[in-house]
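Chains as they are written, first to last, in our numbering: chain Z, 1 to 313; chain B, 1001 to 1247.
Rendered as structure tokens:
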């Protein structure tokens, strides 16, 4: 600790307070969803009942603050639209567990809301974890039936069967048969998806952490992906769009979530959609404000110290 | 197990999570033994989990079952065993020869196989990644439509492709300028003496710095969201919901 500066203990106490107290208040934040988020939601909204999505879960507890929100928003959307999905991972052995926990959480939420539980085997299956992401993603792109061929799950009677016998995989002969490929990721799997999956002309989207937004933007600008959600802003965008739709007027004739990216409107998804993003995003603003104030104080202290040094010298 | 018992275990698990969170974050204040304990627990858990998960989630189905075959509970053989899969074991085991002074040349064999696979994949994937990006880098910078400032993405594709509005032209110009100036910054093969090119070069450097700043800003925001998530876990998921049974 520097003499004359703010004690380290006070700074950390302030940080904890700024990252905790706003979580307990409803703080409205004006928001305009980013273009990639709008395209992400637009593509998800265009999915029809019975479509099949290949959903990569390449995140772990270390990015739970962002990736869990992404995963939850995507799963809520797929389940409400009755879209079937296949979960798989290639980044970390912990990733399948992270995905299964979120599926269980969303299913519990559906049961509490008197909605039907999304059934494993008939509505979704897990293709497990594959080490060596680049080789695994290439294998899926080249021949999904061979890549996932040895995976087995319990059918509705509790008998172990190959996942290709499940109703989810009925129409899947190659990766091009998936109606959409999404990767929720905190790692380089985005590059491998673009390298191998986008070459097959399958619609591809990402949900990435805040750090990865600048590099993912390049894929979006080059039309290599349909859209993406990034960081906490991505979670907040998704929750807002799911809750209020896009360019949809409320009872007072006001548009809650507006976007110039589309001319028409996209309807909200019925059901409770707000959660992690809506709670964390205002808190992030308070934390960032604290950081800006601290940078200001730090610079002021530094300039004052220099002046004092000059005066003494 | 009764639902109440499950809830008790879940509360204990969440409590352990809270302790681990506080323990691991305590290093921010200063290095301490409490942090060290949880660091070692975390490393042990991660290593143990990974070892089990690699077997249950991966190796068992994509290697062992193929090697030994799959027999249903009814006795029916659904997949015959293929003995050739055993050949993967010596190839993989050669990797460990790196620890032997006499036989460490063997470790180069699996490494060579992996490098060969990777190189082959890169040749295949280079154009997939960079082709569309290069194509997209060649953007028109002269507007063709003066009546609209922006064009919507769901305009008819044939119209969207030929309509360059003012806003698009400005964005495109900024993009092309950034692209060329940053590329010029990496001209190391000869000394740049031309003043205009030198300034263009400097502009590239500054634009790179802006890019790095944006990346750093995103990183800071990400780190904050991780702290916020931990705080939410401690206060809401553990204290409010599990201990005080509120919400």
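Note that CB positions come from ideal geometry on N, CA and C, so glycine has one too.
Check: Backbone CA spacing between residue 1106/B and residue 60/Z [nearest angstrom]; Outcome: 35 Å
Check: Collapsed DSSP secondary structure at residue 229/Z in the structure displayed; Outcome: strand
Check: Proximal residues of chain B, C-beta to C-beta of residue 279/Z below 9 Å; Outcome: 1228, 1232 and 1236
Check: Opening and closing residue of the alpha helix (DSSP H) in which residue 1127/B lies; Outcome: 1108-1137
Check: Where the beta strand (DSSP E) containing residue 204/Z begins and where it ends; Outcome: 204-208
Check: Exposed unless 16 or more other CB atoms sit within 10 angstroms - verdict on residue 74/Z; Outcome: buried
Check: Any C-beta of chain B under 8 Å from that of residue 8/Z; Outcome: yes
Check: Buried or exposed (CB count within 10 angstroms, at least 16 for buried), residue 70/Z; Outcome: buried
Check: Proximity test, Cβ basis, 8 Å: residue 1119/B and chain Z; Outcome: no
Check: Enclosing beta strand (DSSP E) for residue 180/Z [first to last residue]; Outcome: 180-185
Check: Residue 1073/B versus 215/Z, 160/Z, 258/Z and 17/Z, residue with shortest Cα-Cα distance; Outcome: 160/Z
Check: Beta strand (DSSP E) segment containing residue 124/Z, residue limits; Outcome: 124-129
Check: Residue burial classification, residue 1040/B (beta-carbon count within 10 angstroms, cutoff 16); Outcome: exposed
Check: DSSP state of residue 215/Z mapped onto helix, strand, coil; Outcome: helix
Check: Within chain B, the residues that residue 16/Z reaches when beta carbons sit closer than 8 Å; Outcome: 1231
Check: Contacting positions in the stretch 193-224 of chain Z - beta carbon closer than 7 Å to chain B; Outcome: 194, 195, 196, 198, 199, 209, 210, 211, 213, 214, 218, 221, 222, 223 and 224
Check: Touch test, the stretch 26-33 of chain Z against the stretch 119-139 of chain Z, Cβ-Cβ under 8 Å, three pairs minimum; Outcome: no
Check: Chain Z contact residues for residue 1222/B, given Cβ-Cβ distances below 7 Å; Outcome: 66, 209, 210, 211 and 231
Check: Own chain residues within Cβ distance below 7 Å of residue 95/Z, not counting five before or after; Outcome: 57, 58, 59, 60, 89 and 129
Check: Any C-beta of chain B under 8 Å from that of residue 287/Z; Outcome: yes
Check: Integer Cβ distance of residue 224/Z from residue 1132/B, believed to fall under 8 Å; Outcome: 5 Å
Check: Alpha carbon of residue 301/Z to alpha carbon of residue 7/Z, nearest angstrom; Outcome: 13 Å
Check: Beta strand (DSSP E) segment containing residue 87/Z, residue limits; Outcome: 84-89
Check: Residues within the stretch 142-169 of chain Z neighbouring chain B, beta-carbon criterion of under 7 Å; Outcome: 150, 151 and 152
Check: Residue range of the beta strand (DSSP E) that includes residue 152/Z; Outcome: 152-154
Check: Paired residues, beta bridge with residue 54/Z - DSSP; Outcome: 86/Z and 181/Z
Check: Collapsed DSSP secondary structure at residue 1056/B in the structure displayed; Outcome: helix
Check: The stretch 183-196 of chain Z contacting the stretch 154-171 of chain Z, beta-carbon criterion three pairs below 8 Å; Outcome: no
Check: Neighbourhood of residue 1237/B by C-beta distance below 7 Å, restricted to the same chain and skipping five residues each side; Outcome: 1014
Check: Residue burial classification, residue 1147/B (beta-carbon count within 10 angstroms, cutoff 16); Outcome: exposed
Check: Same chain only: Cβ atoms within 8 Å of residue 1048/B, ignoring 5 sequence neighbours per side; Outcome: none
Check: Nearest neighbour of residue 176/Z, chosen from 203/Z, 309/Z, 307/Z and 187/Z [CA to CA]; Outcome: 203/Z
Check: Residue nearest to residue 1023/B in terms of C-alpha spacing, selected from 1035/B, 1017/B, 1012/B and 1223/B; Outcome: 1035/B
Check: Top-ranked residue by Cα proximity to residue 275/Z, from 106/Z, 312/Z and 111/Z; Outcome: 106/Z
Check: Among 1139/B, 1181/B and 1066/B, the one whose alpha carbon lies nearest that of residue 1169/B; Outcome: 1139/B
Check: Chain-ordered chain Z contacts of residue 1053/B [CB-CB under 8 Å]; Outcome: 93, 94, 96, 97 and 129
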